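Novice: Mind having a look at this structure? Questions to follow.
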Amino acid sequence: MNLTDVKAKYKNYTPKNATNPTKVAVMILLATENDKTYVLFEKRSNIVSQPGDISFVGGHIEDGETAEDAAIREATEELNIKKENVKIISEADYFITINNRQISSFVAELVDIKISEIKPNEEVEKLIAIPLDALLNAEKQTYVSEFGKKSEDDFPYHLIQGQKNYKFAKMKEYTYFYTLGETVIWGFTAKILSAFLDNLKK
């Protein structure tokens with residue numbers, strides 16, 4: 002292979018995430034009733050991963066879908082509502098997790114259906130509606146965890162400068178908690194929520 006071959010390979014190249022992350026889309030779904038705006042969360046049922054956790058509507062992006070398509074599809078499936086009941090307001094922030102998931106988030110409005118009329122599917126134990134004002138005023142607790150290079154016996158330390166004394170970078174992971182009555186929102190749901198609330202407060 003020579004320089005001409007390299008140029009041919011990279012002609013009109015479209016950059017991608019080379020780590021090939023698992024792609025997920027979630028929806029920050031808002032509903033207004035009696036002049037009060039609520040944020041809708043799900044308590045996950047026992048038949049899905051992370052049972053009992055509080056999460057946003059969402060799931061994996063399937064082949065051929067855009068992130069927005071996936072967020073809307075998951076909303077219709079999990080909440081047993083129509084596509085017309087969801088109106089996207091905007092794409093919001095995206096996140097990369099330490100286990101290589103890329104999470105896209107969208108802010109959306111629930112339309113032409115009341116919260117009480119929603120009958121979620123079996124993946125959802127129950128739907129939780131929390132007033133937006135309560136979330137904006139809630140205290141966010143932050144915990145920090147540090148991760149460093151593990152000392153596996155088979156790691157080829159002899160190939161690097163300093164060997165086992167090499168100063169590997171340590172990674173910090175910030176975990177947020179919001180507690181509202183008996184509802185505890187934490188983990189990546191809390192991280193997505195925090196970014197959303199921070200944008201509203203700016």
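The number in the numbering used here is simply the position in the sequence shown, starting from 1, with 1 added. Built from N, CA and C at the ideal position, the CB exists for glycine as well. Since the model is a prediction, treat every value here as computed from it, not as a measurement.
(1) When the Cα of Phe156 is compared with those of Tyr167, Asn101, Phe42, which residue comes out closest?
(2) Taking the C-alpha atoms as reference points, what is the distance between Lys173 and Glu118?
(3) Comparing C-alpha positions only, which one of Pro22, Glu110, Val25, Glu153 sits nearest to Ile82?
(4) Our contact map puts Phe178 next to Ala191 with C-beta atoms below 8 Å; I'd like the distance itself, whole angstroms only.
(5) Can you give the Cα-Cα distance for Ile114 and Lys120, rounded to whole angstroms?
(6) Evaluate Val58 with the Cβ neighbour count: other Cβ atoms within 10 Å of its Cβ, from every protein chain shown; 16 or more gives buried, anything less gives exposed.
(7) Let me know if Tyr14 comes out buried or exposed under the rule of 16 or more other beta-carbons within 10 Å of its beta-carbon.
(8) Among Pro132, Asn86, Leu198, which one has its Cα closest to the Cα of Leu181?
(9) Should Val125 be labelled buried (16 or more other beta-carbon atoms within 10 Å of its own) or exposed?
Specialist: By the coordinates alone:
(1) Within the sequence shown, the letter at position 155 stands for residue 156. Comparing Cα positions, the closest option is Tyr167.
(2) In the sequence shown, counting from the first residue as 1, residue 173 sits at position 172. In the sequence shown, counting from the first residue as 1, residue 118 sits at position 117. Near 42 Å, if we compare the C-alpha coordinates of Glu118 and Lys173.
(3) Walking along the sequence shown from the start, residue 82 turns up at place 81. Of the candidates Pro22, Glu110, Val25, Glu153, the one whose C-alpha sits nearest the C-alpha of Ile82 is Glu110.
(4) The sequence position of residue 178 within the sequence shown is 177, counting from 1. The sequence position of residue 191 within the sequence shown is 190, counting from 1. Phe178 to Ala191, Cβ: 6 Å. Contact.
(5) Position 113 of the sequence shown holds residue 114. Position 119 of the sequence shown holds residue 120. When the Cα atoms are used, Ile114 and Lys120 turn out to be separated by approximately 11 Å.
(6) Mapped onto the sequence shown, residue 58 falls at position 57. So Val58 ends up on the buried side.
(7) The residue you call residue 14 lines up with position 13 of the sequence shown. If you draw a 10 Å sphere on the C-beta of Tyr14, you find fewer than 16 other C-beta atoms in it, and that means exposed.
(8) Stepping through the sequence shown from its first residue, residue 181 is reached at position 180. Nearest of Pro132, Asn86, Leu198 to Leu181, Cα basis: Pro132.
(9) As a first step, residue 125 must be located in the sequence shown, where it is residue number 124. Buried, by the Cβ-count rule.
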